[in-house]
Amino acid sequence: MRGRTPTSAPATAGEIFRLVREGTAGTRTEIGRATGLSRTAVAARVDRLLADGLVTEVQGAAATGGRPAARLEFHASGGAVLALSVGISRTKAAVCDLAGEVLAEDVLEQPASSGPETLLGAAVELLDKLLDGVDNPVVRGIGLSIPGTVDGGVGGSAGVPALPGWEGIELPPLLTTRFDVPVRVDNDVNVMALAEHAAHPEVDDLLMVKVSTGVGAGVVAGGVLQRGAWGAAGEIGHTPVHDGPGIGCGCGNVDCLEVLASGAALVRDLAAAGRDVNGIADVVALVKQGDPDAVRLVRTAGRRLGEVLAAAVNLVNPALVTIGGDLVGAYDPLVAGVREAIYRRSVAAATQDLRIEPGLLAGRSGVTGCAILVLDEVLAPSSVDAALSDQDE
Ligand SMILES: [Zn+2]
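Below, the structure written as structure tokens:
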């Protein structure tokens with residue numbers, strides 16, 4: 177909603193901020209025209225945004241015969257957001273500017289099984305250290321992702337076998353005791369999908385597939401991330417495939433993707449084949465060396481992933497399937513298998529122009545997505561207005 181009708185309430189500072197951020201209006205005159213506000217009302221609201229640091233003023237080019245009008249621009253350096261991407265085996269932390277650019281980042285080598293209090297306590301210390309090296313350390317929000325379904329009401333894990341000890345724990349309070357700012361929590365693959373969508377603004381319909389220790393997908397349809405009714409959209413890891421060897425899964429099913437095509441499954445199978453593998457990095461290294469068993473097993477994993485994705489492609493008709501996660505280092509055989517199965521099993525109408533590509537943000541989509549998640553909230557007009565009125569109190 178960009179235009180305003182004369183009967184609507186006067187535009188707030190937050191709404192003016194949106195006009196500036198989206199590039200719809202850049203001068204006070206343009207803001208006045210877009211909002212119908214008087215010059216003094218525009219000036220009062222713009223002054224508050226300037227004082228808060230959300231916008232900045234730059235001298236425009238001289239108009240012929242007149243004084244150059246000062247232009248207002250979104251001030252990406254006017255604060256920071258914190259991003260925490262919790263993984264099963266390690267957590268990535270970053271400080272990002274208000275445009276989502278990573279300013280400082282580090283990795284916390286600590287498994288999620290250490291529990292939310294211990295892990296997020298260590299993460300807060302790491303974030304504090306990262307903030308020391310940033311020019312404008314005013315924190316405006318925190319985006320947090322966890323590897324599992326998120327209970328939106330609690331802001332925590334909805335109970336995922338991969339995260340023992342996290343079920344039902346309210347996570348935002350573990351961060352707000354140090355940083356008193358809004359916290360948003362989402363599933364790890366959902367935030368990666370947000371990041372890939374931002375990196376491909378021309379694509380409205382995409383599937384983001386993450387293959388790391390586990391397997392999951394994020395769905396963007398019609399330009400909007402789809403979380404589903406209970407936050408479980410894209411949980412493809414526990415979909416069984418048709419020609420598996422009959423391996424039982426923790427969920428009670430047999431031959432789920434998670435036990436056949438995940439990084440953990442490949443580590444298990446290559447170790448059984450006599451290779452010295454301790455983690456996904458070893459699987460990737462073997463594939464890069466051309467180890468025939470590793471290449472064959474990764475390709476088979478890709479085919480099984482493709483079998484499940486084919487149904488999703490028929491259902492959603494994405495323009496792009498992007499593949500990320502730790503196993504993306506073994507991209508060639510993985511995606512050869514994915515392609516083979518998708519093209520065999522999906523309808524031609526859904527695959528004729530389908531792109532299947534590695535994620536653009538190799539290794540960074542988790543923290544970038546967490547930043548986008550919280551920026552969507554803290555830079556929304558209503559949040560900007562609420563933050564400005566808090567300062568008045
Ligand atoms: Zn399962």
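Here the numbering used here is used: the first residue of the sequence shown is 177, the next is one more, and so on. We put the beta carbon where it would ideally sit given N, CA and C, even for glycine.
Using a threshold of 8 Å, state whether the C-beta atoms of residue i and residue j are closer than that.
i: ILE412; j: ALA393; result: yes
i: VAL326; j: VAL361; result: yes
i: ILE423; j: GLY482; result: no
i: GLY390; j: ILE264; result: yes
i: GLY190; j: VAL430; result: no
i: ALA269; j: LEU307; result: no
i: ILE456; j: VAL497; result: no
i: SER321; j: GLY501; result: no
i: ASN454; j: LEU401; result: no
i: VAL396; j: ALA409; result: no
i: ALA488; j: LEU383; result: yes
i: LEU522; j: ALA486; result: Sequence inspection shows Ser at residue 522; the Leu mentioned does not correspond to that position. Contact flag set, yes.
i: LEU295; j: THR267; result: yes
i: VAL511; j: GLY478; result: yes
i: VAL554; j: GLY276; result: no
Select from the options the residue whose C-alpha is nearest the C-alpha of residue i.
i: TYR507; options: ARG531, GLY319 and VAL474; result: VAL474
i: GLY505; options: LEU339, VAL459, ALA187 and SER184; result: VAL459
i: ASP419; options: ASP452, ARG480, GLY399 and LEU555; result: ARG480
i: ASP380; options: THR200, GLY513, VAL492 and LYS386; result: VAL492
i: ALA437; options: ASP304, VAL231 and VAL385; result: VAL385
i: PRO421; options: LEU320, GLY399, ASP445 and ALA405; result: ASP445
i: PRO600; options: SER565, ARG515 and GLY212; result: There is no way to answer for residue 600, as the model of the chain reaches only from 177 to 569.
i: VAL278; options: GLY297, LEU296 and ALA252; result: ALA252
i: ASN312; options: GLY199, LEU274, GLU198 and ALA477; result: LEU274
i: GLU198; options: SER565, ASP552, ALA470 and LEU564; result: ASP552
i: GLU343; options: PRO292, GLU378 and GLY466; result: PRO292
i: GLY404; options: VAL435, LEU442, GLU372 and ASN363; result: ASN363
i: SER184; options: ALA210, THR200, ARG194 and GLN567; result: ALA210
i: HIS376; options: LEU510, VAL218, PRO494 and ALA512; result: PRO494
i: VAL310; options: SER289, PRO358, GLY254 and SER290; result: GLY254
i: VAL218; options: ILE192, GLY229 and THR200; result: ILE192
i: ALA526; options: VAL543, LEU536, ASN490 and LEU537; result: ASN490
Going by beta carbon distance, what residues of the same chain come within less than 7 Å of residue i, once the five residues before and after it are set aside?
i: ALA461; result: none
i: ALA562; result: none
i: MET177; result: Reliability of the predicted coordinates at MET177 is poor, the pLDDT of 48 falling under 50, and the value obtained from them is presented with this limitation in mind. Here the set comprises nothing.
i: VAL300; result: LEU351 and ARG354
i: ALA556; result: none
i: VAL235; result: Note that residue 235 is Gln in the sequence shown here, rather than Val. Once the five neighbours on either side are set aside, the close Cβ partners of GLN235 are PRO244 and ALA246.
i: THR516; result: A small fix is needed here, since residue 516 is Glu in this sequence, not Thr. Same-chain partners within the cutoff: ARG479 and GLY482.
Leaving out five residues before and five after residue i in sequence, what residues of the same chain have Cβ atoms less than 8 Å from its Cβ?
i: VAL484; result: ILE412, THR415, VAL417 and LEU433
i: VAL196; result: GLY202, ILE207, LEU225, VAL231, LEU248, GLU249 and PHE250
i: THR205; result: ALA245
i: ASP566; result: none
i: ALA288; result: VAL262, GLY263, ILE264, SER265, THR267, LEU295, ILE322, PRO323, ALA338, LEU339 and TRP342
Chain D beta carbons: is any one of them nearer than 8 Å to that of residue i?
i: GLU343; result: Included in the structure is just one protein chain, with no chain D present.
Near residue i, what residues of its chain come up, given a Cβ to Cβ distance below 6 Å and the 5 sequence neighbours on each side ignored?
i: THR188; result: ASP561
i: GLY319; result: ALA259, ARG360, CYS546, ALA547, LEU549 and VAL550
i: HIS373; result: VAL396
Check whether the region 341-352 touches the region 319-332, counting contact only when three or more Cβ pairs, one atom from each stretch, lie closer than 8 Å. yes
Taking one C-beta from the region 213-227 and one from the region 279-294 each time, how about it: are there three or more such pairs within less than 8 Å? no
Kindly confirm or deny that the region 255-272 and the region 543-551 touch, where touching means at least three C-beta pairs closer than 8 Å. yes
Beta strand (DSSP E) segments (min. 3 residues) lying fully within the region 446-501: 496-500
Which full runs of the beta strand (DSSP E) of 3+ residues lie inside the region 254-290, going along the chain? 256-262, 267-272 and 278-284
Could you name each continuous alpha helix (DSSP H) segment of 4 residues or more that falls completely within the region 521-560, going from the start of the chain to the end? 524-527 and 541-554
Secondary structure, beta strand (DSSP E): runs of 3+ residues fully inside the region 295-331: 315-322
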